[in-house]
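Chains as they are written, first to last, in the numbering used here: chain C, 300 to 431; chain P, -6 to 491; chain S, 77 to 830; chain V, 5 to 136.
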Amino acid sequence: MRSVILKTATRLVSALVMVLAVYLLWRGHHAPGGGFIAALVAATGFALVALSEGPAAVRQGLRLRPSHMMGAGLGLALGSGVIGMLAQRPFLTGVWWPPSGVVVGTPLLFDTGVFMVVLGAILSVLLALEET
Amino acid sequence: MTNLLIYPILLPFATAVGSLLLWRRPALQQTLSLIGSAGHLAACLFLLAAVVQDGIQVLAVGNWPAPYGISLVADHLSVLMLMVTGILGTATALYARGEMAISLRSQGFHALFQVLIGGISGAFLTGDLFNLYVWFEVILMASFGLIIWGQGRAQFVGAVRYVVINLLATLLFLLGLALLYGLTGTLNMAHLHQQIMTQESHGLVTAVAFMFMAAFGIKAGMFPLFFWLPASYHTPPIAISALFAGMLTKVGVYALIRTFSLVFLHDTATTHAVLLVAAGLTMVTGVLGAAAQNEFRRILSFHIISQVGYMLLGLALWTPLALAGAVFYLVHHMIVKANLFLVSGLSRDCSGTLELPAMGGLYGAKPFLAVLFFIPAFSLAGFPPLSGFWAKLLVIQSSLEAEHYTVAAVAVLVGLMTVYSMVKIWIEAFWKPSPDFGPDQRAIVPSAWKIAPVCALALITLCIGIGAEPVYQLADTAARELMAPQVYVRAVLGGAGP
Amino acid sequence: MMAISTHNHRSNPWPGRLSALLPLGLLVGLVFQAPRIQSGRPLALAFEWVPGLNVHFALLLDGVGLLFALIITAIGLLVTIYADAYMVGHPQRNRFFLYLHAFLLSMLGLVLSNDLILLFVFWELTSLFSFLLIGFEHASAQARNSARQALLVTGCGGLLLLVGFLMVGQVTGTYALSELPGHAAQLHRHSLYLSILMCMLAGAFTKSAQFPFHFWLPNAMAAPTPISAFLHSATMVKAGIYLLARLHPVLGGTPVWMTTLVLLGAFTALWGAAVSIARTELKSILAQTTIMALGIMTMFLGGRSAPALTAAMTFLLVHSLYKSALFMVAGAIDHQTGTREIEKIGGLARFMPFTAAATLFATLSMAGFPLFIGFIGKEIMYKGALTEDVFPGLAAGATLVSNALMTAVAATLVLRPFWGQPRKVHPSGEAPWQMWIGPLLIGGTCLGFGLIPDWVGHWLVEPAVRAIHVTPVDVELKLFYGFNTPLLLSMITILMGGSFYVFRRWLRRRLSQLLPALPITTEGLYEGLVAAVISFAKWQTRRLQNGSLFQYLVVIIGATVVSVGWVFLGSAPLSALWNPPEFPGWLGLLLIAMLMAIGIVVQARSRVLAICGLGVIGAGAAILFLVFGAPDVGLTQILVETLTLIIVAIVLLRLPPIEPQPDANRLQHTLRLTLSIGSGVLVSAFLIAVTQHDVDRTITTFYEQASYIQAHGRNIVNVILVDFRSLDTLGEITVVAVSALAARALIRKKRSAP
Amino acid sequence: METVLAIVCGCLVAGGIYLLLSQNLVRMLFGLIMLSNAVNLAIFVAGGLTHTQPALIAAGDSVPGASMANALPQALVLTAIVIGFALLVFMFVLFYRSYEVLGTTDTRRMPEDGPARAYPSQNTTTRQEMGP
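The structure is reproduced here in structure tokens:
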């Protein structure tokens, strides 16, 4: 029933969705987007895959257990705060690198954490629901 | 700047993260959770020491100064609450280790538990009203997960009520926040204090204050908003209901004390008068509700309501002594009530049920358990020299000094009815010979994991009772801080503010 | 392993036996203090306890304290010895001694406290241990109920007492008992005096079983007999008397004090004496005469003359001695014969000679025969009664009648049981030595004290009276004061008592017909009150916590809307709120669509339709966000709506269709409509009122300025989320994660279930 | 402008409360969704609708030039939306499982086990009379 073409298409769609999500996440600091929106977009994509292909496909595509993804995301967010503490600053103080000409900073790390938690959470529920 | 303030939030959250990452290793999760709880307790004690030594501590999270960023503020009230949170968190974590089968404790239980502790700590520490809302949500969501943990039939019935009513409270809180922001343009509580005190349109602020009173009142179990509590607290596993009984309503009480001693001070004649009436009715309704019950945990649940009334009374009277009474009551009550729930669990282990008519004979069979019940129960009933005596004394004394004799009379009457309820449990579960019938009499031997925290909490009750002075001094300092919000405001906003 | 052990039936008797050393040591120590106290130099000791509340751990040993303390320790010692035999083989005997001596210490603390709050602490502790001891035979429902009754009655008084103490502290600024007499005038004049007095009397009267709170004492006889002898005749019930004595120089001497105490005391005395005649069970008789004795003491404390107070203190000593002895005897009889009904026993003297001798001495003292301390007590009593400031005649009369009745009772207690014809029940011989040595010693003391009244007066009574009388007095106890009215009255007492004894059967018959015929008793009132409160509680709880989520929500929403609305209406000028809105037409269309969607969802019979309606609402909100400059919010809203739809598609369609719901009744429907419209209107009006002012944008301005320069981001909303207010976001993602965990646990459990 | 939106909020609240009082879990769920929407909108409205320019700093500028929409309420609404979403997802699942366990969506048929639980009446006879 599941044709190779459909499978490939799904792979493609999910890859595209992920790329879009990462893009939204990256640009979120300067333009509409950010961790939530990215995660919601990605989750919608995976949800569509799960609806069409079944949850197993998503699990396979993810490689990361949703609970681990949530844990890692939350850890990342906390960790980005701890970096500020390591720099003798209050928790969650933004630290930017390189100090001249800003490229990346802990807020981006934080936003990535947000992304992972939200995505992991939605997928965790969706997959569990689908699997019942 | 001191990052000491973040540890009570950070440590439980980190523990939760750890237990999520150890998803497939329940034993490791368990160990980690216990370590995390102990670490949280230690962090709270360190913070307590810091505040006692150096006064109010403030942390501008993200290094953004108040009122722009979110500030964590630790004054005496906060650290006292935190200390008890640490104690109860550790105690219930130990108890849960003994109570629940490993299968129940895996799969996210520890994460929920730790997040709950972290959320409660956050609520006690934050100096920002919207941030308080977020911590409330954290607490709420974790408690949703925990109250249904185990998924018994009765738990679903209780959880539906718990969830719906608490969500309503949350939405009300958020609506109030929206309106308050519209009126003042700020969310920082110290800044709100300044803004409201300098504003003319007080009527609208008072109306918003009532919205907050309702929202927090639901959380605190205030009359007539308490219905979710007796409907649900007797359903989850013992360790969870003990933690809830000790902590959750008290977060609501804390929020009421915080907001009505810092933010909404412009019209105490109205707000605190309403609080006074509500407090009296809360006391009476709760204690009457308890008198009508025949199940161990349901009696205890209704007593939470009546005791919350005492604390609100302290707030409503609005004198230093009364507030000190409220704070003392909080500390005493959290420890004692959680302990009573834990004891109810031991009693269930020993007699197989919590329905009083089916219980009995524990006094002869388990004298040590009888002692463990006796201490918190009679502390709750206000017998000297246990902690509850001083709490009650403070509240009665302050209502006498404020010349609210009716209120004092109500407090005395409610105290007497509390004695009645505790004696009822004592007589039914301990003195009465064990009846021959019983629907599910399957006694088990409770493990040391469960007995140890109960003993520790009983010991603390005893210590607070006999050595009341240090706790009273802390409560008194807390009350004086609350009565003089300028100190808090200055600590948060610095000299002038924006 | 569970440390909670199962009970051991063959418990070791030695812990209990050795515990007798405690009262012995204390007694010896106290005796050595007597000379010092007699010479008027009280012994004081004070530590800070809760200085913040002005509460001190302050002890003071003065005359009245010493009298009580000696009674407590001496009788405590004998009772401990007695109980060693009485409790033999009881599975919980060690627990018994634990409670007994804990009580003893509390009682000692009570009479030695020099701080009102400390006194209260011990006061409540004695109630608590009394509770545990009355309910000691906890397998019996009667014992359990009596214990509860005693605790509630004394606990109620105790709480009022606390209120009284706090008010005293508030008026005088001190809790120190030794300083309070200095504040007496201030207290007497204070507007709170009457309240304070009533609270104190409530405490004292409940503890000392005065009418109308007397009923708990006879019921407390459910306790083991050593307890009845110790707590419920000699010590705990005297705590109220002690308190009255202590407070006499502080609150006493006013007309209301005197009237209340004399009237209630006299009534209690007569009542107790009369009821005791009607009883045939040994402990019950003794309990009633205890009530009578407590009444007499209260009555004398109502006076302010030296003889009245002397009478109170002397009688306290006299009564403690003979009553504890008689209780122990009652227990010995019970122990040997298995009954305490005096109609069933007779001629015990030949089997139990020592017990008989002890009984004889004690009853002679009780009846007030010459040469016994009871006789001296009686003389002083008449003298005291005649010097009362209020109702001296009543006092003398009450004393006379109750003394006469007591003489009759004394005769009843000793003559028929010990010297009458043997009855059906035969004792198995003399009681173990532990059980007669105490009564015999006490009986001997009754005689001995009667022979050396000067000595007793000098060492025991005078220091006590001095401690509670406003001015220093000399007390002289004599066997023979000369021919005077008190002597005459004493003679009359014995004659009257004799005739009462002769007619006791007739009296008992009449009284036992009369007493049950009383329309109300205070015990009945108490039971009725408790039952009424419980049924009210049940009714109220059934009404409030009735399980209906609908009702809960109605009450909660109603209370909120009413309270918020009431303040709101009082604050906002409503007319100023309405300014005709201006908005573009397309927006109007959107809003109309949203309103229609609301209507659809509210009325929907089909889930799909309702979900579509919700979708329209959500999308409408998203468009509003987008239009009003919030692209992030708008995007999020759209995405959330989509995901919600997906989850709804999975979950909701597994739920049953929404049944068309007939509202249960018209009232419910009206409530629903009123509340929903009311809250809607309130929210609208409130929002309009709030938006009348421009928002203070100080904080936003800071964000706008700092967003790029300090936080390196151009999307201010995102910068707020991940930097300025990142703690919010941290909490928020935690909520999301926890929600997923909780939901997942719910779903998983289902899958694993069969 | 605000007035109209305020009225829409009020209508949402009214509809939400009406549904919440319906005693049917599904309808109550709808009611809570509506209330949640209403509150989010209320935050937005109360924060002021004076400007419609998104709160973005144009590339090249370091501070915003023209006046723009109030960013703070937007951030608050975002947080509230996501939290509300998380709560609603849990409620979905809870109500669904309640239906499965309790067999009904009608709250009237979910009684709390009240005090009136019947036990055989206990008389005062005791199993073990003890004492001397």
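Think of the CB as a built atom: it goes at the ideal place given N, C-alpha and C, for glycine as much as any other residue.
Note that the structure is predicted; figures quoted are calculated from it, not measured.
* **Anticipated Cβ contact below 8 Å, S:Ala321 with S:Ala388, distance rounded** => 7 Å
* If I'm right that P:Ser26 touches P:Phe106 with Cβ under 8 Å, what's the distance once you round it to whole angstroms? => 7 Å
* **Three-state secondary structure assigned by DSSP to P:Gly345** => coil
* To do: Measuring only between beta-carbons, confirm whether C:Ala338 sits less than 8 Å from chain P.
  => no
* To do: Say whether chain P places a C-beta atom closer than 8 Å to the C-beta of S:Leu228.
  => yes
* Partner residues on chain P for C:Ala371, Cβ-Cβ distance less than 9 Å -> Val10, Leu13, Leu14
* Under a three-way DSSP split, which group does S:Phe133 fall into? -> strand
* Just the Cα atoms here: how many angstroms apart are P:Lys243 and P:Leu75? -> 11 Å
* Using a Cβ cut-off of 9 Å, which residues of the stretch 163 to 183 of chain P contact any Cβ in chain V, in chain order? -> Thr163, Leu164, Leu165, Leu167, Leu168, Leu170, Ala171, Leu172, Leu173, Tyr174, Gly175, Leu176, Gly178, Leu180
* In terms of alpha-carbon separation, which member of S:Leu747, S:Pro515, S:Ala697, S:Asn170 lies closest to S:Leu404? -> Strictly speaking, residue 404 of chain S in this sequence is Met, with Leu absent from that position. Of the candidates S:Leu747, S:Pro515, S:Ala697, S:Asn170, the one whose C-alpha sits nearest the C-alpha of S:Met404 is S:Pro515.
* To do: Give the residues of chain C in contact with S:Pro127, contact being defined as C-beta atoms less than 9 Å apart.
  => What S:Pro127 touches in chain C: nothing, since even the nearest Cβ is about 39 Å away.
* Asked: What residues match up with S:Ala350 in a beta bridge as DSSP calls it?
  -> Answer is none; S:Ala350 lacks a bridge partner.
* Can you list the residues of chain V that S:Pro257 reaches, using a CB-CB cut of under 9 Å? -> Going along chain V, no residue has its Cβ under 9 Å from S:Pro257, so there is no contact; the nearest lies around 46 Å.
* Contact under 8 Å by Cβ, P:Gly145 with P:Ala208 -> no
* Going by DSSP, name the residue or residues bridged to P:Glu288. => P:Glu348
* Give a yes or no on whether 8 Å exceeds the smallest Cβ distance from V:Leu106 to chain C. => no
* To do: Give a yes or no on whether the minimum CB-CB distance between V:Gly19 and chain S is below 8 Å.
  => yes
* Can you tell which of S:Gln246, S:Leu751, S:Ser381, S:Asn791 has the C-alpha that lies nearest to the C-alpha of S:Thr547? -> S:Ser381
* Asked: Smallest Cα separation from P:Ile328: which of P:Ala451, P:Ala283, P:Val51?
  -> P:Ala451
* Considering only residues of the same chain and omitting the five flanking positions on each side of P:Thr275, which have a CB-CB separation below 8 Å? -> Gly214, Met215, Phe216, Phe219, Ile298, Ser299, Val301, Gly302, Leu305
* P:Met240 classed as buried or exposed, judged by whether at least 16 other C-beta atoms fall within 10 angstroms -> buried
* Just the Cα atoms here: how many angstroms apart are V:Thr130 and S:Thr311? -> With a pLDDT of 32 at V:Thr130, under the threshold of 50, the modelled position of that residue is not reliable, and no figure is offered here.
* Asked: Taking 8 Å as the CB-CB limit, is C:Trp395 close to chain S?
  -> yes
* Can you tell me which of S:Lys614, S:Lys459, S:Gly710 puts its alpha carbon nearest to the alpha carbon of S:Gly558? => S:Lys459
* Consult DSSP for S:Trp615 and reduce its assignment to one of helix, strand or coil. => helix
* **Distance between V:Leu23 and S:Gly696 (C-alpha atoms, nearest Å)** => 20 Å
* Is the CB of S:Gly789 under 8 Å away from at least one CB in chain C? -> yes
* Where the alpha helix (DSSP H) containing S:Ser95 begins and where it ends -> Segment: none, S:Ser95 is in no alpha helix (DSSP H) and carries neither H nor E.
* Asked: Whole-angstrom Cβ separation of S:Val537 and S:Leu553, contact assumed at under 8 Å?
  -> 6 Å
* Endpoints, the beta strand (DSSP E) within which P:Ser64 is located -> 64 to 67
* Quick one: any contact between the stretch 341 to 348 of chain P and the stretch 393 to 400 of chain P, if contact means 3 or more CB pairs under 8 Å? -> no
* **alpha helix (DSSP H) segments (min. 4 residues) lying fully within the stretch 420 to 505 of chain S** => 429 to 443, 449 to 462, 468 to 490
* Boundaries of the alpha helix (DSSP H) in which S:Asp286 is found, first to last residue -> Per the sequence presented here, residue 286 of chain S reads as Gln, with Asp not at that position. Here S:Gln286 belongs to no alpha helix (DSSP H), and DSSP marks it neither H nor E.
* Asked: List, in order along the chain, the chain P residues whose C-beta lies closer than 8 Å to that of V:Met32?
  -> Val157
* Asked: Using the C-alpha atoms, what's the distance from P:Thr228 back to V:Cys13?
  -> 37 Å
* Asked: Using 8 Å as the Cβ pair cut-off and three pairs as the minimum, do the stretch 411 to 428 of chain P and the stretch 240 to 249 of chain S touch?
  -> no
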